[in-house]
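**Q** Last residue of the sequence shown? That's 286 in UniProt numbering, and every number before it is there in order. Glycine residues also receive a C-beta, built at the ideal position from the N, C-alpha and C atoms. Can you keep this structure in mind? I'll have questions shortly.
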Amino acid sequence: MADDEGATLEAGSNQNVQDTTGGGGTGGTVIVEIRNLKLPPFWKKDPVLWFEQVEAQFYTHRIRSDTLKYYTVVAAVDAEDLTQVSDILRNPPSTDKYKHFKDHIILRFTESKERQLQKLLTGLELADKKPSQLLREMRSLAANNLTDDIIHTLWMRRMPEMVKCVLSASEGVDLEKLAIIADRLIEHQTPAYVMAASTSRAKQDDEDSVSTRVSKLETMFTELMTNLKKANTPRRSRSRSTSQVKHRSSSQGSSQSICYYHTMYGKQARKCKQPCSFETLSTQEN
Numbered sequence: 001m002a003d004d005e006g007a008t009l010e011a012g013s014n015q016n017v018q019d020t021t022g023g024g025g026t027g028g029t030v031i032v033e034i035r036n037l038k039l040p041p042f043w044k045k046d047p048v049l050w051f052e053q054v055e056a057q058f059y060t061h062r063i064r065s066d067t068l069k070y071y072t073v074v075a076a077v078d079a080e081d082l083t084q085v086s087d088i089l090r091n092p093p094s095t096d097k098y099k100h101f102k103d104h105i106i107l108r109f110t111e112s113k114e115r116q117l118q119k120l121l122t123g124l125e126l127a128d129k130k131p132s133q134l135l136r137e138m139r140s141l142a143a144n145n146l147t148d149d150i151i152h153t154l155w156m157r158r159m160p161e162m163v164k165c166v167l168s169a170s171e172g173v174d175l176e177k178l179a180i181i182a183d184r185l186i187e188h189q190t191p192a193y194v195m196a197a198s199t200s201r202a203k204q205d206d207e208d209s210v211s212t213r214v215s216k217l218e219t220m221f222t223e224l225m226t227n228l229k230k231a232n233t234p235r236r237s238r239s240r241s242t243s244q245v246k247h248r249s250s251s252q253g254s255s256q257s258i259c260y261y262h263t264m265y266g267k268q269a270r271k272c273k274q275p276c277s278f279e280t281l282s283t284q285e286n
């Protein structure tokens with residue numbers, strides 16, 4: 001009797017090994033691959049992303065068996081989370097066990113679209129995040145259900161007043177670039193001022209008026225935009241003459257006195273903040 005049971009177990013083991021490798025590997029290779037497989041802890045905050053990691057592990061370790069995938073994933077989820085899918089565990093289907101388990105655990109741990117949109121509209125604040133981090137989180141919650149214009153509006157509402165004042169003058173700039181600029185502007189603010197963006201406005205500093213802060217941010221914005229433009233401009237040949245290099249340096253020095261409205265929009269700017277040498281430079285060029 002014992003010999004018959006041993007033969008049955010051995011046959012079942014060999015069948016699983018063949019299924020695991022898709023018929024193209026050896027039992028020893030499969031055992032090594034399984035032993036080296038270490039799945040990350042189940043992340044109920046984002047089960048879809050967790051399964052992306054899991055399936056990457058299955059691919060690199062050549063795990064193809066549906067049964068082996070199923071039991072490996074079940075073993076990686078802690079007992080508390082498994083209670084949410086206990087009915088699935090008690091009555092697994094005869095085929096496609098892994099996919100059946102995956103679909104149901106994602107369904108039960110993923111927030112509804114209504115809940116995600118509600119969180120996007122009212123539940124997110126800047127707090128101690130970078131503006132670019134907040135933007136990525138908002139895009140994730142939106143999940144292609146909202147246009148960029150709506151996300152832009154919701155994101156701008158979470159910005160500190162001083163940053164919002166500077167960014168509002170940059171119409172037409174890509175939202176990703178705005179987030180990078182906002183990151184750098186935030187870095188120059190005090191922690192208490194940044195936190196005020198998610199609660200209430202900070203009190204006016206006794207040593208520095210609001211208008212002075214705005215001017216500083218405008219200057220920073222102009223410098224950032226100038227640096228971005230320089231980064232996107234191809235370097236010229238080193239064969240240029242010394243006089244040309246000096247002329248270019250002189251022109252760059254003059255451009256620093258141009259206000260950010262003319263920096264952004266050139267001759268089409270509808271506003272100008274003094275001191276600004278844009279008109280003088282335009283006359284010289286003509």
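Check whether the Cβ atoms of ASP81 and LYS44 lie closer than 8 angstroms to each other.
**A** yes
**Q** Can you tell me the Cα-Cα spacing of ILE106 and MET225, whole angstroms?
**A** 43 angstroms
**Q** Give me, in chain order, the residues of the same chain whose beta-carbon lies closer than 6 angstroms to that of SER243; leave out the 5 immediate sequence neighbours on both sides.
**A** Model confidence at SER243 stands at a pLDDT of 47, short of 50, so the residue's coordinates are unreliable; what they give is reported in the following sentence. Exclusion of the five residues before and after SER243 leaves no residue of its chain whose Cβ lies closer than 6 angstroms to its Cβ.
**Q** Am I right that VAL73 and PHE109 are in contact with their C-beta atoms under 8 angstroms? What's the rounded C-beta distance?
**A** No, VAL73 and PHE109 are not in contact; Cβ-Cβ is about 13 angstroms, not under 8 angstroms.
**Q** Give me, in chain order, the residues of the same chain whose beta-carbon lies closer than 6 angstroms to that of GLN53; leave out the 5 immediate sequence neighbours on both sides.
**A** PRO40
**Q** Use the C-beta contact count for GLY23: other C-beta atoms within 10 angstroms, 16 or more gives buried, fewer gives exposed.
**A** Because GLY23 carries a pLDDT of 43, less than 50, the predicted location of this residue cannot be relied on, and no value is offered for it.
**Q** Please name the residue in VAL77, TYR260 and VAL173 whose C-alpha comes closest to that of PHE42.
**A** VAL77
**Q** Roughly how many angstroms separate the alpha carbons of LEU154 and LEU134, rounded to a whole number?
**A** 11 angstroms
**Q** On a Cα-Cα basis, can you pick out the residue from GLN274, LEU49 and TYR260 that is closest to SER140?
**A** LEU49
**Q** Give the straight-line distance between the Cα atoms of GLN84 and ILE180, rounded to the nearest whole angstrom.
**A** 40 angstroms
**Q** Report the residue from LYS130, ILE151 and LEU146 whose alpha carbon sits nearest the alpha carbon of PRO160.
**A** LYS130
**Q** Measure from the alpha carbon of GLU137 to the alpha carbon of each residue in LEU146, LEU124 and ASP148, then state which is nearest.
**A** LEU124
**Q** Using a threshold of 8 angstroms, state whether the C-beta atoms of HIS152 and LEU175 are closer than that.
**A** yes
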